[in-house]
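> Mind looking over this structure? Questions follow.
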Amino acid sequence: MKILVCISKAPDTTAKIAFTDNNTAFDTNGVQFIVNPYDEWYALVRGLELKEQNGGSVTVVNVGLAENEPIIRKALAIGADEAVRINVNPTDALQTAKEIVAFAKAEGFDMVLLGKETIDYNGSQLGGMIAELMDMPYVSLASKLEMEGTTATIHRDIQGGTEVVEVTAPFVISAAKGMAEARIPNMRGIMAARTKPLKVVEGSGANASTTIANYELPPAKGECHYIDADNAAELIELLHNEAKVI
Amino acid sequence: MSVLIYANTANGKIHKSAFEAVAYGSKIAADLGTNATAIVIGACSDAESLGEFGATKILHANDSKFNDFDPSIYTQVVVKGAEAEGADVIIFSHDFSGKSIAPRVAAKLDAGLVSGAVDYPSTANGFTVKKAVFSGKAFANITINTDKKVISLLPNSVDKSAKGGSASVETFSPEVGAATVKVKEVIKESADLPLTEAEKVVSAGRGLKGPENWGMIEDLAKELGAATACSRPVADMDWRPHHEHVGQTGVAIRPNLYIAVGISGAIQHLAGVNQSKTIVVINNDPEAPFFKSANYGIVGDAFEVIPKLVEAAKAFNASNH
Ligand SMILES: Cc1cc2nc3c(=O)[nH]c(=O)nc-3n(C[C@H](O)[C@H](O)[C@H](O)COP(=O)(O)OP(=O)(O)OC[C@H]3O[C@@H](n4cnc5c(N)ncnc54)[C@H](O)[C@@H]3O)c2cc1C
Numbered sequence: 000m001k002i003l004v005c006i007s008k009a010p011d012t013t014a015k016i017a018f019t020d021n022n023t024a025f026d027t028n029g030v031q032f033i034v035n036p037y038d039e040w041y042a043l044v045r046g047l048e049l050k051e052q053n054g055g056s057v058t059v060v061n062v063g064l065a066e067n068e069p070i071i072r073k074a075l076a077i078g079a080d081e082a083v084r085i086n087v088n089p090t091d092a093l094q095t096a097k098e099i100v101a102f103a104k105a106e107g108f109d110m111v112l113l114g115k116e117t118i119d120y121n122g123s124q125l126g127g128m129i130a131e132l133m134d135m136p137y138v139s140l141a142s143k144l145e146m147e148g149t150t151a152t153i154h155r156d157i158q159g160g161t162e163v164v165e166v167t168a169p170f171v172i173s174a175a176k177g178m179a180e181a182r183i184p185n186m187r188g189i190m191a192a193r194t195k196p197l198k199v200v201e202g203s204g205a206n207a208s209t210t211i212a213n214y215e216l217p218p219a220k221g222e223c224h225y226i227d228a229d230n231a232a233e234l235i236e237l238l239h240n241e242a243k244v245i
Numbered sequence: 000m001s002v003l004i005y006a007n008t009a010n011g012k013i014h015k016s017a018f019e020a021v022a023y024g025s026k027i028a029a030d031l032g033t034n035a036t037a038i039v040i041g042a043c044s045d046a047e048s049l050g051e052f053g054a055t056k057i058l059h060a061n062d063s064k065f066n067d068f069d070p071s072i073y074t075q076v077v078v079k080g081a082e083a084e085g086a087d088v089i090i091f092s093h094d095f096s097g098k099s100i101a102p103r104v105a106a107k108l109d110a111g112l113v114s115g116a117v118d119y120p121s122t123a124n125g126f127t128v129k130k131a132v133f134s135g136k137a138f139a140n141i142t143i144n145t146d147k148k149v150i151s152l153l154p155n156s157v158d159k160s161a162k163g164g165s166a167s168v169e170t171f172s173p174e175v176g177a178a179t180v181k182v183k184e185v186i187k188e189s190a191d192l193p194l195t196e197a198e199k200v201v202s203a204g205r206g207l208k209g210p211e212n213w214g215m216i217e218d219l220a221k222e223l224g225a226a227t228a229c230s231r232p233v234a235d236m237d238w239r240p241h242h243e244h245v246g247q248t249g250v251a252i253r254p255n256l257y258i259a260v261g262i263s264g265a266i267q268h269l270a271g272v273n274q275s276k277t278i279v280v281i282n283n284d285p286e287a288p289f290f291k292s293a294n295y296g297i298v299g300d301a302f303e304v305i306p307k308l309v310e311a312a313k314a315f316n317a318s319n320h
């Protein structure tokens with residue numbers, strides 16, 4: 000079973016969000032970067048579990064510049080066999096998808112796994128785009144994935160419930176909570192990651208379709224209006240008369 | 000040129016978020032001086048109701064082969080609908096349906112996609128759409144540079160009231176390829192309304208001490224007509240189901256009212272909820288960081304405060320508001 004896991008770089012969840020260059024660029028000053036949690040905790044770990052059960056290999060791919068290599072090594076330390084970095088600084092998901100497909104097309108992967116979204120742009124776009132460009136089935140927001148030969152049984156989140164669906168490999172899946180338990184890399188993994196192959200390939204020249212005009216921070220909240228605990232009922236009146244939300 | 004809106008269904012009826020998407024797309028169409036067509040796929044008994052939200056035409060792909068939600072097939076239907084209507088702007092809801100199909104449609108049409116839009120596009124300088132980024136900690140204005148444009152709208156973002164009006168429903172029977180996804184079973188959870196679409200949410204955290212204490216949270220939610228949510232440790236400890244976990248690594252929500260009980264207000268929790276219109280924090284620690292993001296705060300023991308609120312909400316409901 001040949002498994003491809005797409006990983007994205009994301010700012011640490013505690014990072015201060017600020018912008019520079021007239022609010023046109025994310026201020027990376029002092030920001031720690033991590034593997035996007037959905038990619039790491041769910042897609043990568045489930046890929047590794049499937050490989051452990053069925054044999055095969057797990058390749059991670061990242062579209063980004065050399066500065067991304069520490070997070071790629073982290074994925075190798077968790078257990079991926081090899082990594083590919085496509086040497087392009089992408090502007091949007093469609094460009095990223097085209098670059099991944101340009102590399103993955105000829106590789107014969109049985110499945111492509113990725114997280115349901117990144118915690119920076121929250122797009123939920125890449126998986127569907129890869130699936131369309133590779134003409135593969137796509138199951139988004141998957142919380143469970145079992146393989147039986149080339150048939151996958153998948154739980155996907157739908158409104159107000161879960162649907163159990165079946166697809167045949169090759170396919171693309173976006174992973175949500177429930178898919179696997181996060182793994183912490185051990186010393187052996189970290190040592191091994193240093194010598195695992197990390198191949199750098201040049202991009203295919205795909206263009207982006209969107210550009211970020213600028214960023215905004217949400218307006219600051221006003222003062223908190225405190226209500227005495229003994230007089231909690233007053234809250235209901237305020238929510239009705241003042242906030243007008245009930 | 001026209002605007003095409005994919006209206007998703009649930010249990011054979013138009014889903015709530017689809018009305019908002021149609022209202023949104025119709026406003027865009029009016030601003031662009033063109034028409035809004037809605038497209039419905041699979042069994043649906045009330046497709047014509049979309050006319051009240053501004054659609055002037057409704058395409059219904061009602062063949063039973065469309066009853067299973069197969070993103071590959073649905074993509075083909077939407078793309079054929081866009082071709083038939085000459086649509087340059089295609090709208091989805093940013094829920095499970097839009098997340099599954101909008102990226103495929105965008106890739107197929109080689110169109111720029113803004114997912115999770117929170118406002119109408121601005122056409123003053125190109126075609127720019129605002130969306131929340133960094134899990135709600137900021138917004139980005141994103142310009143779509145392609146001729147064809149795809150947007151998925153975050154639920155609860157724009158006016159979704161019915162405007163009156165009507166539309167004819169036409170059967171739409173495009174040729175599509177073979178099915179790729181076979182639905183074997185549907186497991187219903189109790190919540191009929193997904194958390195992302197609830198207008199009021201009562202949420203509780205580790206301060207509640209154990210799952211046996213959630214009765215009062217459910218009571219308050221019931222009196223207020225709210226959905227229930229929880230912090231991550233609460234879901235991780237299996238006190239509550241995972242789909243209730245809100246925050247940066249759970250569900251991001253923006254209801255009109257978010258009541259947080261016994262939740263400290265960690266940055267990862269705030270990320271998923273701080274765009275709520277009104278935030279109420281109930282915590283026995285006056286130093287809890289959540290109070291900094293609150294509109295209303297009660298410093299007190301949840302086990303004393305919540306029963307009082309339940310009584311007050313009951314009295315409020317009984318007084319015929
Ligand atoms: C990468 C990463 C991602 C994360 N993602 C998320 C996420 O998506 N969502 C999320 O929620 N968390 C997330 N977290 C966890 C987050 O950092 C916090 O640990 C978590 O939100 C705390 O949950 P809590 O507020 O319920 O518990 P606690 O922090 O333990 O807070 C309990 C609160 O209850 C109060 N309390 C106690 N007793 C009472 C009482 N009797 N009456 C009233 N109040 C009382 C306390 O004063 C305290 O403020 C993430 C963490 C990491 C590292």
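Quick mapping for you: the protein sequence lines, in order, are chains A and B. So that you can map any letter, position 58 of the first sequence is 57 in numbering that gives the first Met the number 0, and since no number is skipped, the others follow by simple counting. So that you can map any letter, position 29 of the second sequence is 28 in numbering that gives the first Met the number 0, and since no number is skipped, the others follow by simple counting. We treat Cβ as the ideally placed atom computed from N, Cα and C, and that holds for glycine.
Runs of 3 residues minimum, wholly inside the stretch 135-204 of chain A: which ones carry the beta strand (DSSP E) assignment?
Runs of the beta strand (DSSP E) inside the stretch 135-204 of chain A: 137-147, 150-157, 160-167, 170-174 and 197-200.
> Pull up the CB-CB distance for K221 (chain A) and G78 (chain A), whole angstroms please, since I reckon it's below 8 Å.
First, the residue type needs correcting, since residue 221 (chain A) is Gly and not Lys in the sequence shown. Actually they do not touch by this definition, with Cβ atoms about 48 Å apart.
> CB-CB under 7 Å to N212 (chain B), same chain, minus the five flanking residues each way: which ones, in chain order?
Answer for N212 (chain B): no residue qualifies.
> Compare the C-alpha of A123 (chain B) against each of A:Y120, A:A212 and A:G29 and name the closest.
Ranking A:Y120, A:A212 and A:G29 by Cα distance to A123 (chain B) puts A:A212 first.
> With a threshold of 9 Å between beta-carbons, can F133 (chain B) be considered close to chain A, or not?
Answer yes: the Cβ-Cβ gap between F133 (chain B) and chain A drops below 9 Å somewhere.
> Please report the residue range of the beta strand (DSSP E) in which L308 (chain B) lies.
No beta strand (DSSP E) holds L308 (chain B); the alpha helix (DSSP H) holding it covers A301 to A317.
> Could you work out which residues of chain A lie near G115 (chain B), taking near to mean beta carbons separated by less than 8 Å?
The answer, in chain order, is N121, G122 and S123.
> Starting from N290 (chain B) and walking both ways along the alpha helix (DSSP H), at which residues does that stretch end?
According to the sequence provided, residue 290 (chain B) is Phe. The question's Asn does not apply to it. Premise fails: F290 (chain B) is in no alpha helix (DSSP H) and is neither H nor E.
> When the cut-off is 9 Å and only beta carbons count, does E147 (chain A) lie next to chain B?
For E147 (chain A), the answer is no, since every Cβ of chain B falls outside 9 Å of its Cβ.
> What span of residues does the alpha helix (DSSP H) with P69 (chain A) cover, start to end?
Per DSSP, P69 (chain A) belongs to the alpha helix (DSSP H) from E68 to I77.
> I262 (chain B): beta carbon under 8 Å from a heavy atom of ligand 1?
Yes, the beta carbon of I262 (chain B) sits closer than 8 Å to at least one heavy atom of ligand 1.
> Beta carbon of A110 (chain B), beta carbon of I90 (chain B): below 9 Å?
Contact: no.
> Report the start-end ranges of each alpha helix (DSSP H) in the stretch 211-283 of chain B that is 4 residues or longer and not cut off at the edges.
As far as the stretch 211-283 of chain B is concerned, its whole alpha helix (DSSP H) runs of at least 4 residues are 214-223, 231-235 and 266-272.
> Kindly indicate which three-state DSSP category A86 (chain B) falls into: helix, strand or coil?
Correct three-state label for A86 (chain B): strand.
> Any heavy atom of ligand 1 within a distance shorter than 8 Å of the CB on A287 (chain B)?
Within the cutoff, so yes.
> For V298 (chain B), which residues of its own chain have a beta-carbon under 6 Å away from its beta-carbon, when the five flanking residues on both sides are left out?
Contacts found: P285.
> Could you give the residue range of the alpha helix (DSSP H) that holds I100 (chain B)?
Its alpha helix (DSSP H) spans residues F95 to L108.
> Return yes when at least one heavy atom of ligand 1 lies under 8 Å from the C-beta of G177 (chain A), else no.
G177 (chain A) Cβ: outside cutoff for every heavy atom of ligand 1.
> For Q158 (chain A), count neighbouring Cβ atoms within 10 angstroms of its own Cβ and tell me buried if that reaches 16, exposed if not.
When all chains shown are included, Q158 (chain A) counts as buried.
> Does ligand 1 have a heavy atom nearer than 8 Å to the CB of P240 (chain B)?
No, ligand 1 has no heavy atom inside 8 Å of this Cβ.
> Measuring straight from C-alpha to C-alpha, what distance separates A234 (chain B) and P240 (chain B)?
Using only the alpha carbons, I get a separation of about 6 Å.
> I'd like to know if the stretch 35-42 of chain B and the stretch 60-78 of chain B are in contact, where contact means that at least 3 CB-CB pairs between them fall below 8 Å.
Touching, yes.
> Give a single yes or no on whether G271 (chain B) has its beta carbon closer than 8 Å to a heavy atom of ligand 3.
As far as ligands go, the structure on display features ligand 1 and does not contain ligand 3.
> Looking at K56 (chain B): is its Cβ nearer than 9 Å to the Cβ of A35 (chain B)?
Taking 9 Å as the Cβ cut-off, K56 (chain B) and A35 (chain B) qualify as a contacting pair.
> To be precise: take each residue of the stretch 160-173 of chain A, compare its Cβ to all Cβ atoms of chain B, and keep it if any distance is under 9 Å. Which residues remain?
Within the stretch 160-173 of chain A, the residues whose Cβ lies closer than 9 Å to some Cβ of chain B are G160, T161, E162, V163, V164, E165, V166, T167, F170 and S173, listed in chain order.
> Between V138 (chain A) and chain B, is any beta-carbon pair separated by less than 9 Å?
Yes, V138 (chain A) counts as interfacial toward chain B.
> Where does K50 (chain A) sit, in a helix, a strand or coil, going by DSSP?
Helix, per DSSP.
> For L153 (chain B), which option in B:G176, B:Q274, B:V279 and B:K79 has the closest C-alpha, if you only look at C-alpha atoms?
The candidate whose alpha carbon is nearest that of L153 (chain B) is B:Q274.
> Taking the Cβ atom as the reference point for each residue, do D45 (chain B) and K12 (chain B) lie within a distance shorter than 9 Å?
Closer than 9 Å, so yes.
> How about I172 (chain A) and V163 (chain A): do their beta carbons lie closer than 9 Å?
No. Outside cutoff.
> How would you write the range of the alpha helix (DSSP H) that Y23 (chain B) sits in, first residue to last?
From DSSP, the alpha helix (DSSP H) with Y23 (chain B) extends over K15 to L31.
> Below 8 Å on the Cβ atoms is my contact criterion, and I expect G53 (chain B) with V21 (chain B) to pass it. Report the Cβ-Cβ distance as a whole number of Å.
Yes, G53 (chain B) and V21 (chain B) are in contact; Cβ-Cβ is about 6 Å, under 8 Å.
> Rounded to whole angstroms, what is the Cα-Cα separation between D87 (chain B) and I226 (chain A)?
Going from the Cα of D87 (chain B) to the Cα of I226 (chain A) covers about 51 Å.
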